[in-house]
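Asks: Sequential numbering of the sequence shown, starting at 5, is according to our numbering.
Every residue, glycine too, gets a C-beta built ideally from N, C-alpha and C.
Computed from a predicted model, the values in this text were never measured in an experiment.
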Amino acid sequence: MQLGRVCLLLTLLIYEQQPVSAEVSTAAEKNESGIQKWKPVRRNRKPGYSGTQHLNPEVTEWTSWFNIDHPGGNGDFERLEAIRFYYRERVCARPTSIEARTTEWVKADQTGEVVHYSPNKGFWCINKEQPEGTTCSNYHIRFQCPVVQAYWSDWSEWSSCSMTTCGGAGIQARQRTCTNNMRFRFNMVPRCKGKAIERRGCSTPPCQEAHWTDWGPWSECSVTCGNGHILRRRNCIRTPERRTCVGRPVEVQKCVRASCTVCQHTCAVGRVNEECNGCTCDGHVLLGTVHSANGVPISRSRIAMEDQPHMILTMSDESGTFKIPGVCANSKTRVLVEGAKFAPSVFRAVQNGTESSVVKAVLKRAVNPYIVKHPETKVRFEDQRLSFCCKATGFPLPLKYFWYHNGTLLDTMNEETLLLKELKHWQGGEYQCKVTNGFASIKSVPATLTVIAKGQSNCNSEPLKHLIKLPENCFQKATNSFYYNVRKCPNSRCARDLNFDLRCKDSTSYCCAVKRMKDVEIRCQGYTLPVKVVASCGCKKCLEPKVLIRGRAVAADNGEPLRFGQIFVGNERVGLTGYKGTFTVQVPPETERLVVQFIDRTNKFVDTIKVFPFDRKSGAVYFEVKLLRKSKPIEVDSTKGITIPLGEMEGKDTIGKLEIAPNSFRRSNGESYRGKVKASVTFLDPRNITLATTASSDLNFVDEEGDVLPLRTYGMFSADFREESSNEALEASSVTVYLDTASVKMPEHVEQMRLWSLNPNTGFWEEESLFHIEKRKRNKREERTFLIGNMEIRERRLFNLDVPEARRCYVKVRAYMSEKFLPGEQLEGVVVTLINLEPLPGYTANPRAWGRFDSVITGPNGACLPAFCDAARPDAYTAYVTAALGPEELEAAASSPKMNPNIIGVSQPFLGKLDYRRTDHEDVQLKKTAFKINLAKPNANNIDETNGPIYAYQNIRDCENAPVSANHFRFYKVEKDKYEYNVVPFEENDLTSWTGDYLSWWPNPQEFRACYIKVKVHGPLEVMVRSRNSGSTHPDTTGQLYGIRDVRSVRDMINHNVSAACLEFKCGGMLFDQSSVDRTLVTVIPQGNCRRTGINNLLQEYLRRHPPLAVNNDTAAFSMLAPVDPLGHNYGIYTVTDQNPRLAKEIAIGRCFDGTSDGFSREMKVNLGNALTFNCQEKLVTRQSLFQRIQSSPAETLMEIGAEMRRQAQIRPMQSRIVAYPSGQRSRRAQIVNRNTRRSGLPRQ
C-alpha cells in the first residue's frame, strides 16, 4: 500500500431490492499514530528483455479523485463505466479497491447516508433511500489499481525488402508490440524500454544498362483512302527508371491509298452520323438516372460518351433523369457523367430490350484534398540521407504530390515521399508538398532541413547567458544588479547518427540541451543561496511535452455551460464537455491544424467548429469557447414556399433573407418529405460586435494554388430543419439566398461576394455558389438591390457570406510578466485575439461591424496576428486586440492620461497614425484588457514605418524575427510584488528547458502540479508572505532548498483592515526519478510584525494523521510537511495538475482567490477557504519596550502578559521533530547546525 492514506475497502454485494450501507476500513484508523511508510514503485522489467513479462499484481497505487456527477434529481452516481468514458486512460481494467468521500472530505461511512459502492461498479447514492428530509451529498471517489507494467511481445518475422527495383538499397523491418496490464492499451504509462521496430539494410541486384528491343512489324495504313501513315515500335528495357535508351521508340512512314469520295466510317450497328465520326441508331433510346450516394437526384449533370468526353449529349433534369435518342448502346457502351461538386465517373449501359438501354449513375461527392501528415523538420550531417513524407485525403483519386524546395518545384515522381541522399549544404532550407486531385489543391506546412557541414559545430558546448532574478537582499556587486547568470542551452535541434534515417518521422529527435550542471552558492546579505548552473551543453534526446487544449464551452449570451456536449476531432468523437462546460482535448503528435467540433445534443446551441492554435513547447493552452444560441424554431408547411429573414436587429434593416421553394424538403435518403417542418435559422450578425467570438473556424479558405487565404464575413447562418413528428433532420434542395447590397459598405466587395459552407473536418470554408445582382421593389417607391445565390442545405453545415480580402498585414504583439516590460520576462502560451472591425461609409474610424476574428499564441518572440489593413487611409480598418493566459485576461499598456511611446512600445510618429487607445482611455471605469488601433499598412519608403508594429503580409518573416527593441504592442500580467526562485532554473514558458534533478521544483515534465496555501492577514497594511521549501523525507533532498516564493497579500474590497495571500509551495510527491516520495518541508513566513492566530482545523487534523509533524513553536511562522493528497478549499490548500505549469498555477490561483475547489475569481475573497491566519500590526516607532511598560504601569502590563499567555495556551502546538528556521534564510551558523542535525538522522529545515 502506498501514496497517501492507505485504504482497505470491503467489496460489497449489491442486492436489487435491499440497499446496503457502506462500510469502510482504513489502515490509518487502525494505526493513527504510526508513521506511514512510502513503498517505492519499482518497474519489474529489465531493459532489453523481449520475452513474456511476469507482472507483480501486489504493487498498487491510487488513482486521482473523480467526481463526474453532481447530486440532484435521483442522487449522486459515480459509476465506473461513466468514469472510464470520460477518463479512459486513468482507470485500470480491474481495480482492487475503492474509496469514497464527500467534497467536504467526510468519509462515506461517517455521513449517515445510505450509499453503495464496489471496485467493479463504482459508487452511487439514491435520494429516496435517505432518511426523510435529507438528500445525498456530493461525493468523489478514487480506485486502487495495479501499477502499470509494460512489456514487449515477441518479434515478428522480417518483412520483405522495401526496395523492389534493381541497384537500390532498402530496408527490412520486424516489430513487436508494447502492451500492459491496463484496460486501454494505447495509453501506456510508462512505455516499454527499447525499440518497437528493428530495421536492417537490404539491397537488390545491380541494374543492367538500358537497351532497345527489336523493331516490331509495321502497322496497317491509318486510312482507307487518301494519304495516311504507318508506324512500328520498339521498347526500351531499363532498370532503374532514371536510365534511358538513346534513340526513338517509334518510326513513321507515309502511305498512300486511293482518293476518298465518300465517308469511310463504318458502323457495326446503326448508320454513320452526318459528321462521319460516329454511329446513330434510329429508334433506339438511352435512358438514365443520376443520383448521389444517399439517393438524392442530381440535376444539370453533363452526359457524354467516354470516347468523346468533350461532346455533351444532354443534361439531367430536376429529377436526375436524362434521355438520349439515336444512341447505339450495347454492353460495351460507356457513358461519362459529370456533376457540379461531384467526381466524374464512367458507367456501362445495360440493354433493356431492342429499343432502349439504361444507365444508372451514382456519383460520389468530390472531396477537396486535406493533408493529414505534414513533412517533419529534420537535421542531418552532410552525406547523410533522409525522407520527407506527405499524406492527404480527398476524392477522386489518385492524388498527385508536388514537392518544392525554397519555393522551387522539384522534378519528382509525384509520390508521397521525397527521398534525399548524399546531402549537401546547399540542400538545406524549406521543403513543402502540394497535393491536387483535379478539383482542388492544398499545400503542406513547410518543413525545415538543416544540413550541418563537415567541421561545423553541431551543438556548441558553451552555454548561453541566462539571468535569473535574486531576492531584494541579494545584491551582486560583480554584476552591479540583482541578477545572476545561471546560463542555459539553446535547445535547438541537432544531429546524431540514427539507426534508420529514412523514416517519415525520426524515431528520436535530438536537441542541444543541458549536459552537465554544477552547484554554486550565491552570497547574499547574511546567508547564501544554492543554485544549479549549467556547465556544458550537448546533443541529447529532445523533451517532447504532451500538448493539451483545455477550456470551457459556454453560451455567449448568459454564460450557460454546454453540459455533456459531444467533442469531435475530424470524424472521431474524443470526449464530452463536463457539467460546467469544461473540456480537454489532447493534440495528436502529427497534427498541424487542430479542428474541434462541439455538438449540443439538446439542440440549444449551434454546432460550433473551432480551429485552436497551439504551441508544442507550452504543453497546454486554455480557451473560452463562446456558443451561439439557436433561434426558436418556426412551424412551416413543406408544400408551400417560405421566406426567413437574416439579421433581424431592432431599429435596423435585415441583411438578407432565405427563400425555400415549395416541396424542397427531403429526408437524408433522398426521399421527398411532405408535412410540417420545424425550421430554425440562426444568423450570426456581424453588426453585433459582442458575438464576434462565437464565429466558427478561423475564416480561411484554400485557393486554386493550395494557399490558405483569409475571408471577410458579412454574416454566417446555420439552418436546422426537422420533421415535426419524429424530429429527424431534413435537407432542403432548392434554397435561394438574398443579400442586400446596402449592407456591403465597400463597393468593391459586391462583385467579389461568394456563398461558402464550412467543412467540419478541415475547418476550411468551401465555395458553394456565386451571386448575381438583381433589383427588386420593396414597396411602390423604394427599390432594393440584392445579391442572389442558389444553394442546397445538406448535413449540419454552417454557411457564410464572405469575400476574399487581399489587403493583409501582420500586427506584432508581446506579453510580459509585469508592467516593467523587461525583455527577459516575456510570457509564452498567451492567447492573443484580434477582431477586425469594418468602418462606416467614408472610411471613418467609427466601426459598424466586425469582419474577422483571429487568435494566435505567443512564443519566445511574441506573436504576429493576421489582420486586414489599408495603405490609402489609416482608419480604413480598425481592430480590437485582447490577450488571456488561462482564464485570466491580461492588461494592455496604458494610453492615458498621456500617450507614452516607451510604455506602449511604439515610437512616434507612427503611434499617432495608428491612434492607439486602451479601452479605459476615455472612461476609467472600463476594463483595461484591450486596445483599439487603426490598421494602417506601413509605407516602405517611410523609415518611421519600417520597424513595426504593423508589417506587410509578404514580410511575415520580418515580423516573426523582429528583435524585442522593434516596435510592438504590449500586454502584461497583473502581478504586483511577486517573486519566484528555483534552485534548478526552469523557464515555465518553455517546457523543453526542463532539467531532471532531485531539486527540480517540477519533478515531472509531462505533468505539472501547482500547490497553493491561502493565508489570511489581519492588519492595516498589505504584507509580503514567503514560503521556503526544502527537502524532508527523501534521502537525496533532506534539508536542501527547492526554492522560495514571495507574494504580497491582497486587500479585501470592503474591509480594508483584512487581506489575504495565495502563496505557492512545492507539492509533496514523487521526485523526478519517480521512485520515492518527498514531503516538502514548507515554512510560511509573513514579513513584518506578525503573529499566527489560527490554523485550519481540517488541515491541522490531516497533518496530525500523516506524521512526521513540523515544530510550530514560532508564532511568527508556520511549518508543515506538504500533503501528498490533493486537498481542497476546506483545508485552505489548492492543487491543480496540468500539462502547462503556468496554466496550472493560474487555475489554482483563481480557485484560491475564490475560496472554492472548482471556481475562479480575480477578486480576493478573504473570508473563504483559508488555511492560516496571521495578525500583522504596524509597529509604531514611539511604542515603549517591555521594560519601560513595567516601570510605568506594572499591574496593567502583567495583566496583558497573562492574558496573552492564556490565549497562546489555547493554540495546541503539534508534535514534531523538525525545528523551523524563522527568518527563512540560511546563515553560515545555520548550515553547521543543519549538518549536525543530518548526522543525527533527523530531518532538518
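What residues in its chain sit with their C-beta under 6 Å from that of Met757, if we drop five residues either side in the sequence?
Replies: Hits under 6 Å: Phe775, Leu791 and Val807.
Asks: Can you name the start and end residues of the alpha helix (DSSP H) that Ala86 belongs to?
Replies: Residues Leu84 to Tyr90.
Asks: So what does Gly655 bridge to, in DSSP terms?
Replies: In the DSSP output, where bridge partners are listed per residue, Gly655 has none listed.
Asks: Can you give the beta carbon distance from Val455 to Leu427, rounded, assuming they're within the 8 Å contact cut?
Replies: Confirmed, Cβ separation roughly 5 Å.
Asks: Quick one: is Thr15 buried, meaning 16 or more other Cβ sit within 10 Å of its Cβ, or exposed?
Replies: Here the model assigns Thr15 a pLDDT of 31, short of 50, so the residue's position is not dependable, and the following value carries that caveat. So Thr15 counts as exposed.
Asks: Roughly how many whole angstroms lie between the Cα atoms of Leu468 and Gly863?
Replies: Each residue's Cα considered, the two are about 19 Å apart.
Asks: From Pro1100 to Gly1154, what distance separates their C-alpha atoms?
Replies: The amino acid occupying residue 1100 in the given sequence is Asn; Pro does not appear at that position. Using only the alpha carbons, I get a separation of about 20 Å.
Asks: Gly411 lies in the alpha helix (DSSP H); which residues open and close that run?
Replies: Careful: Gly411 lies outside any alpha helix (DSSP H) and carries neither H nor E.
Asks: Could you check which residue in Arg1109, Val276, Ala370 and Arg389 has the C-alpha nearest to that of Thr397?
Replies: The option with the nearest alpha carbon to Thr397 is Ala370.
Asks: Going by DSSP in three states, Ala26 sits in which element: helix, strand or coil?
Replies: Low per-residue confidence applies at Ala26: pLDDT is 38, beneath 50, and the placement is therefore not dependable enough to give any value.
Asks: To which residues of the same chain is Gly1023 closer than 6 Å at the C-beta, ignoring the five residues directly before and after it?
Replies: Taken in chain order, the residues that qualify are Cys1180 and Gln1181.
Asks: Flag this pair as touching only if the stretch 1024-1043 and the stretch 955-974 have three or more C-beta atom pairs under 8 Å; answer yes or no.
Replies: Short answer: they don't touch.
Asks: Between the alpha carbons of Phe479 and Pro534, how many angstroms are there, rounded?
Replies: Cα-Cα distance, rounded: 15 Å.
Asks: Give me whichever residues DSSP pairs with Phe609 in a beta bridge.
Replies: Answer is Arg633.
Asks: Specify the secondary structure class of Glu1105 as computed by DSSP and reduced to three states.
Replies: DSSP places Glu1105 in helix when its eight states are reduced to three.
Asks: Do the CB positions of Glu380 and Ala451 come within less than 7 Å of each other?
Replies: Yes, the pair counts as a contact, with Cβ atoms nearer than the cut-off.
Asks: How is the alpha helix (DSSP H) around Glu964 delimited, first residue to last?
Replies: Taken as a continuous stretch (DSSP letters only), the alpha helix (DSSP H) holding Glu964 covers Ile960 to Glu964.
Asks: How many whole angstroms separate the CB atoms of Thr64 and Lys621, which I take to be in contact at a CB cut-off of 8 Å?
Replies: Wrong, their Cβ atoms sit about 35 Å apart, outside the cutoff.
Asks: Is Phe990 closer than 7 Å to Ala1148 when the C-beta atoms are compared?
Replies: Contact flag unset, no.
Asks: Who does Trp216 pair with in a DSSP beta bridge?
Replies: Answer is Cys240.
Asks: At the level of alpha carbons, what is the spacing between Ala699 and Arg88?
Replies: Those two C-alpha atoms are separated by around 33 Å.
Asks: Checking 7 Å against the spacing of the C-beta atoms, do Glu596 and His378 come in under that value?
Replies: Contact flag set, yes.
Asks: Run through DSSP, which three-state label would His925 get?
Replies: In this structure, His925 counts as coil in the three-state DSSP scheme.
Asks: Would you check if there are 3 or more beta carbon pairs closer than 8 Å linking the stretch 1027-1035 to the stretch 1057-1070?
Replies: Contact between the stretch 1027-1035 and the stretch 1057-1070 is present, because at least three Cβ pairs lie under 8 Å.
Asks: Return helix, strand or coil for Arg1221, following the three-state DSSP convention.
Replies: Per-residue confidence for Arg1221 stands at a pLDDT of 38, beneath the threshold of 50, marking its modelled position as unreliable; the derived number appears in the next sentence. Three-state result, Arg1221: coil.
Asks: When DSSP labels each residue in this structure, what does Lys1149 get in the three-state scheme?
Replies: Helix.
Asks: Nearest to Thr106 by alpha carbon, out of Ala86, Ile145 and Ile130?
Replies: Considering only alpha carbons, the answer is Ile145.
Asks: Can you tell me the Cα-Cα spacing of Ser226 and Ile234, whole angstroms?
Replies: Ser226 and Ile234: Cα-Cα distance of roughly 6 Å.
Asks: Take Asn410 as the anchor and find which of Tyr976, Gly433 and Lys404 has the nearest alpha-carbon.
Replies: Comparing Cα-Cα distances from Asn410 to each of Tyr976, Gly433 and Lys404, the minimum goes to Gly433.
Asks: CB Ala353 to CB Val363, shorter than 7 Å?
Replies: Contact: yes.
Asks: Using alpha carbons as the reference points, say which of Val300, Ser323 and Tyr1016 lies closest to Glu735.
Replies: Of the listed residues, the one whose Cα sits closest to Glu735 is Val300.
Asks: In the structure shown, what three-state DSSP assignment does Gly855 receive?
Replies: Note: Gly855 maps to strand in three-state DSSP.
Asks: For Thr1251 and Lys634, I'd like the C-alpha separation in whole angstroms.
Replies: Any question about residue 1251 goes unanswered here, given that the chain covers just 5 to 1249.
Asks: So who's on the other strand from Tyr983, going by DSSP bridges?
Replies: In DSSP, Tyr983 forms a bridge with Asp1050.
Asks: Mind pulling the beta strand (DSSP E) runs of 3 or more residues that sit fully within the stretch 997-1083?
Replies: Within the stretch 997-1083, the complete beta strand (DSSP E) runs of at least 3 residues are 1012-1022, 1028-1034, 1045-1052 and 1062-1069.
Asks: Short of 6 Å in beta carbon distance, which residues of its chain neighbour Thr293, apart from the five on each side in sequence? Order them along the chain.
Replies: Taken in chain order, the residues that qualify are Gly324, Thr325 and Lys364.
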